[in-house]
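Residue numbers (the working numbering), protein chains in the order written: chain B, 2 to 485; chain F, 2 to 509.
Written as structure tokens, this is what we have:
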């Protein structure tokens, strides 16, 4: 059955919703409810898309194509592959949870806020579905605009520096990518990602990679990360690390590795080294971070490094594990940032020295944070254990010492995550934790529990993603063929 | 004795003639129409003139598939002319809407007895300058080129200074007059040298003379081209010929700035592309490099100077210089692709430049003081529509995919890359990065500081309490500009087709 209209709907429904919210003079409550309704509709459409997706069929599915400007071979071309399907799912689910969080805490200026959240949803889905380089670039940039305003208006005290750093860093990368796109597309005669030929140009590869490693981010391009994650409202930080960062990793897979096979192998060691550095350095910083969000922020850096290890291992197991870990870590970091937000609302701080002892009398908070934390540190049987194991096995096939570094870093993950759990939940009661601070309310539970349920489901059946991301028995062969 | 008058294709000249006619009619309003209805009468005439001009220009576009010169080789009747005229007249129509509520002096506190003093002359000058620009884009020889340049420039000099109560307006007018005359003189001197070397004034004739007599390296031709490039550079406010731009844009009434920053640039860039490709195709290696370097300097000076400004009109003036740099990238390639890129870029650019100044005008009328980044505080929340329009425009300038500015940049880069100038792409990319800082700064000023942070300079007359005035016509103009700017992002193919037809009438 032809369900390709779903691909476009997933992009344009939230954008249309944003315009609607800006035009209609609705009350605060009605605005939030409408935005949430649209987010749920997105999840519904995605479920329908997943139901119609045929995993036994190679190539692009549910594609739609329309001329944008034919003279240069640029078109509106969208469609999904297995792995993009999962990332779209992560986006719509994550954005629904974060929009719900914004509704729950009652953000000021609701029409602007919810409109921008929907705009962000549409743009991010667009990144994962675009099959034309310029369209991809347009959505990649379009994500930045709502993020800039969301952090800049609703963020913390030092939001101005945070937004400037964030935007200038990411735009520096993406503008270089634009130059690379122009060069690649004009040489190839088309900007289409499916039809476009592979290129052997190392310069172009580096141009694309720069944008992706800044977005992901990888060491040493993560300068924007700590401030952006700390100053953003918690739900925006959740989106940033859970969803937006994945756009950079997705770009590596879909464009850098697929379209530039020779430069990929030429620079493989360099990228793997940067990824390993990000993994180790991020884990160490997370262990030293003095606050809740700092730990999650630096652990995101570490996880981006780990996923990049999987992608650039270039082996079957590496690719499978990377996609699984993208989704698993996305869910984990969204849950953690939302819980961080809940803690900060109750204590007005995220600093460990002022926190502690929150488990007593708050069973829901304690259970959820424990569950997510334990999944996050890759306890055997969890989704991220499956992901990390696949990645390490994949990179082991490349060279054993990469796996050794990775395995070492995973021990660090256990250290920083247990430190986080004990600093928030256990130890002596912190000075800011009062008895008046309630346990998680039903509204908050309704946002976080589904995410954790998703994680538990993936823990039970990681093959749901890892065996359903690439066509055929060998992901590496699928990547090599350009997903034809 | 019989006088042989050439055959005149009146229909081909009709857009220009219509505007001249309505300019006279508007001028008559100043003496014939009672003061009470003078403003609305003159504005109506102006709106009718621009609408009729657009209709005729569109008609001529359809009807002029094969471009040729008319009026004894003085004027091109082709699609390049017509499309340029449509853009100019559309901006003119927007400026008319903006000017209806324009009052001399600062805002609505101005002296009521004098607020309608020069309103009819204002519209007459607007129409006259538009007529001059319309003739300028179609001019086919050095005489009509210079004539029409002076024609619209003189109208603009007066428009800059028309609010003589306004601090800085007279200075702006005088500065523009002096620098503009210097530019015009440079152009004239260059034209004279080219005429001296080739013995002809028509663009086509110059090209054939240069190629048949082997004058490509001729000193007079080369110096002539250099002087013409400089003279035209003044009009398009490209660096290093930009010194007047920030002061004039800041000092002139904002309505006039909106008109100058978009329409003048359209006319100057389109004419320059025509003159260079038609008259000097064999010297492309010279003027191509010249414009590539001018583009680089404009991008550098425009963007870096904008970083340190606080007055929004000055920021936008430097941004206009930088935007000229981007368009010059397309121009400098001298290729058909470059021409299309230039023509396409001008559409969202003209809409956005007009729109941003219109929004500044709205804030200015509200506060009664020059608009700085500081007193934009809270603007985005108070006037949501204008705020959203502003961030669309400035993000579009920055090349983010909200308006056609995104595709325009891409097209210009593609043209440069196609011409083998990859370094120019890199320059453009770096310039865009720098420009982000001040474009984001405008958005930050509007949204990220509450109205309680609003600081007015002494003498400000902020509207105390109550909703700001509903300037319906201004909002309508901004809305139209927004539709054009955003629409051009989606309707790339149709616009490029129009541009392709327009370029096909040029010898590229």
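We treat Cβ as the ideally placed atom computed from N, Cα and C, and that holds for glycine.
- Interface residue (Cβ-Cβ distance to chain F less than 8 Å): residue 154/B is classified as such.
- The Cβ atoms of residue 256/B and residue 123/B do not sit closer than 8 Å to each other.
- A distance below 7 Å between beta-carbons, with the five flanking residues on each side excluded, links residue 114/B to the following residues of its chain, in chain order: 103, 108, 155.
- In the structure shown, residue 214/F falls within a coil segment according to DSSP collapsed to helix, strand and coil.
- Between residue 325/B and residue 463/B, the C-beta gap is smaller than 8 Å, which places the two residues in contact.
- Around the beta carbon of residue 402/F, 16 or more other beta carbons lie within 10 angstroms, which makes this residue buried.
- Excluding five sequence positions before and after residue 280/F, the CB atoms of its chain that fall closer than 6 Å to its own CB belong to 204, 207, 208, given in chain order.
- Taking 8 Å as the CB threshold, residue 276/F stays off the interface with chain B.
- In the same chain as residue 417/B, and ignoring 5 residues on each side of it, the C-beta atoms closer than 6 Å to its own belong to 287, 288, 296, in chain order.
- Using a CB distance cut-off of 8 Å, residue 14/B does not count as an interface residue toward chain F.
- Nearest CB-CB separation between residue 437/F and chain B: below the 8 Å threshold.
- Burial of residue 176/F is indicated by the presence of at least 16 other C-beta atoms within 10 angstroms of its C-beta.
- With respect to residue 358/B, residue 430/B sits close: the two C-beta atoms are nearer than 8 Å.
- Residues of the region 92-112 of chain B whose Cβ lies closer than 9 Å to any Cβ of chain F, in chain order: 110, 112.
- With fewer than 16 other beta carbons inside 10 angstroms of its own, residue 478/B counts as exposed.
- Just so you know, the alpha carbons of residue 447/B and residue 34/B end up roughly 15 Å apart.
- Among the CB atoms of chain F, one or more fall inside 8 Å of the CB of residue 142/B.
- Around residue 418/F, the beta-carbon contacts reaching into chain B at under 7 Å are 183, 184, 187.
- Within the region 396-412 of chain F, contact with chain B at the beta-carbon level (separation under 9 Å) is assigned to 396, 399, 400, 401, 402, 403, 407, 408, 410, 411, 412.
- Residue state for residue 376/F is assigned as helix, using DSSP reduced to three classes.
- Apart from sequence neighbours up to five positions away, the residues of its chain that approach residue 400/F with a beta-carbon distance below 7 Å are 406, 407, 410, 433, ordered along the chain.
- If you compare the alpha carbons of 280/B, 205/B, 236/B, 259/B with that of residue 219/B, the shortest gap goes to 280/B.
- Residue pairing by DSSP places residue 222/B opposite no residue, since no beta bridge is assigned to it.
- The Cβ atoms of residue 480/F and residue 374/F do not sit closer than 8 Å to each other.
- The beta carbon of residue 167/B is closer than 6 Å to those of 225, 229 in its chain, skipping five residues each way along the sequence.
- Within chain B, 176, 177, 179, 180 have C-beta atoms less than 8 Å from the C-beta of residue 430/F, given in sequence order.
- Against chain B, the beta carbon of residue 445/F has neighbours under 8 Å at 153, 161, 164, listed in chain order.
- Residue-level contact by beta carbon fails for residue 81/F and chain B, as no gap is shorter than 8 Å.
- Linking residue 367/F to residue 103/F through their CA atoms gives a straight-line distance of about 12 Å.
- DSSP places residue 304/F within a helical segment (H, G or I) once states are collapsed to three.
- Contact with chain B is found for residue 382/F, since one of that chain's Cβ atoms lies less than 8 Å from the residue's Cβ.
- Looking at the DSSP output, residue 70/B shares a beta bridge with 75/B.
- Per DSSP, reduced to three states, the secondary structure at residue 309/F is coil, with no helix or strand assignment.
- With a contact defined as Cβ atoms closer than 8 Å, residue 240/F and residue 303/F qualify at about 6 Å.
- Counting C-beta pairs closer than 8 Å gives three or more between the region 179-199 of chain B and the region 116-136 of chain B, which meets the contact rule.
- In the three-state scheme derived from DSSP, where H, G and I count as helix and E and B as strand, residue 351/B is classed as coil.
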